[in-house]
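S.K.:
Numbering (my numbering), first residue to last: 25 to 307.
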């Protein structure tokens, strides 16, 4: 009989946490246990999680609790729901952008206790209609955390031997039915073709978000492209647009191994249903 092949995971040299689309401020995204919003009158309004957020918070807390020792964290845009202009502000628990920024930072800060270097945070620019353009909320959250902000990031991991390009936006959305790997594979190919020193150089992994879907394509033992899951459930905007695709919730861990290979591991949850069943009276 032939000898069966077995796989033993190599030693992990670095763990990187990748988070996409937190959308703090949304009624269907995680939020702190209590948020204080200061009113113009000087009074304070206290806001607590709704039933959906209680479920999301439990998953978020489980993520934080079970993280391995991290070399760094990538937060890939749309930290906050912002003014949510496409829905005229519908679906946010406060339109106070300072409160949203502080709430997002409060959610992220507990991750620091798992980090070897607390400054290794890398934030990218989200969608303009969520995070605002002239002073992006992503940048404001980054300032509170004490990380690095750029519209797009190239992060040299493993002391520069493994390079990751991260950017929030990718074409396509929940309303468009497409072959999911097409757009991320295209971005990876375009970046691979622009590998000169004054271009992107050698990029090993590409990270995208925006779609609130999870997709990952491998090109070998150390190359790939991933669209991260998000942290926002199905919104009224998606319902009004006729979207029936359920957003994928969760996070990813990028593992960099001692033998030069890599793996992007997803952690997904089905904590929220997109629509409750109707009640039927048989009496």
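Each residue gets a CB set at the ideal place from its N, CA and C atoms; glycine is no exception.
1) In the DSSP assignment, the alpha helix (DSSP H) including residue 260 goes from what residue to what residue?
2) Return the chain-ordered list of same chain residues with a C-beta closer than 8 Å to the C-beta of residue 110, the five sequence neighbours on each side being excluded.
3) Determine which residues share a DSSP beta bridge with residue 213 and list them.
4) Can you check the segment 243-289 for any beta strand (DSSP E) of at least 3 residues that lies completely inside it and give the ranges in chain order?
5) Below 8 Å on the Cβ atoms is my guess for residue 279 versus residue 271; work out the distance and round it to an integer in Å.
6) Taking residue 39 as the reference, give the member of 85, 140, 106 with the closest Cα.
7) Which of the three DSSP states is assigned to residue 62 in this structure?
8) Measuring straight from C-alpha to C-alpha, what distance separates residue 51 and residue 222?
9) Hey, which unbroken runs of the beta strand (DSSP E) at 3 residues or more fall wholly within the segment 30-57?
10) Under a three-way DSSP split, which group does residue 86 fall into?
11) Is the segment 30-49 touching the segment 92-108, taking contact as three or more C-beta pairs under 8 Å?
12) Among all the DSSP beta bridges, which residues are the ones paired with residue 172?
13) Please list the terminal residues of the continuous beta strand (DSSP E) segment that includes residue 187.
14) Mind checking whether residue 7 and residue 227 have CB atoms under 8 Å apart?
15) Consult DSSP for residue 111 and reduce its assignment to one of helix, strand or coil.
16) Do residue 179 and residue 188 count as a contact pair if the criterion is CB distance below 8 Å?
17) Can you have a look at residue 93 and say buried or exposed, based on whether 16 or more other CB atoms are within 10 angstroms of its CB?
18) Return the bridge partner residues of residue 294 from the DSSP annotation.
19) Quick check: what's the CA-CA separation for residue 81 versus residue 276?
20) How about residue 290 and residue 240: are their beta carbons less than 8 Å apart?
21) Between residue 78 and residue 182, what straight-line distance do the alpha-carbon atoms span, to the nearest angstrom?
22) Write down the C-beta distance between residue 190 and residue 98 rounded to the nearest angstrom, noting that I regard them as a contact closer than 8 Å.
M.R.: With the structure as the only source:
1) Counting along the chain, the alpha helix (DSSP H) containing residue 260 begins and ends at 260-264.
2) 153, 261
3) Partner(s): none; residue 213 has no beta bridge.
4) 248-251, 273-281
5) That pair is no contact at about 25 Å.
6) 140
7) strand
8) 43 Å
9) 36-43
10) Three-state DSSP puts residue 86 in a helix.
11) These segments touch.
12) 146
13) Run containing residue 187: 186-190, per the beta strand (DSSP E) assignment.
14) Look at the range of the chain in this structure, 25 to 307, and you will see that residue 7 is not part of it.
15) For residue 111, the three-state secondary structure derived from DSSP is helix.
16) The beta carbons of residue 188 and residue 179 sit closer together than 8 Å.
17) exposed
18) In DSSP, residue 294 forms no bridge with anything.
19) Distance between residue 81 and residue 276, taken at the CA atoms: about 17 Å.
20) Closer than 8 Å, so yes.
21) Cα atoms of residue 78 and residue 182: separation of roughly 37 Å, rounded to the nearest angstrom.
22) Indeed, because the Cβ distance is near 5 Å, the residues count as touching under 8 Å.
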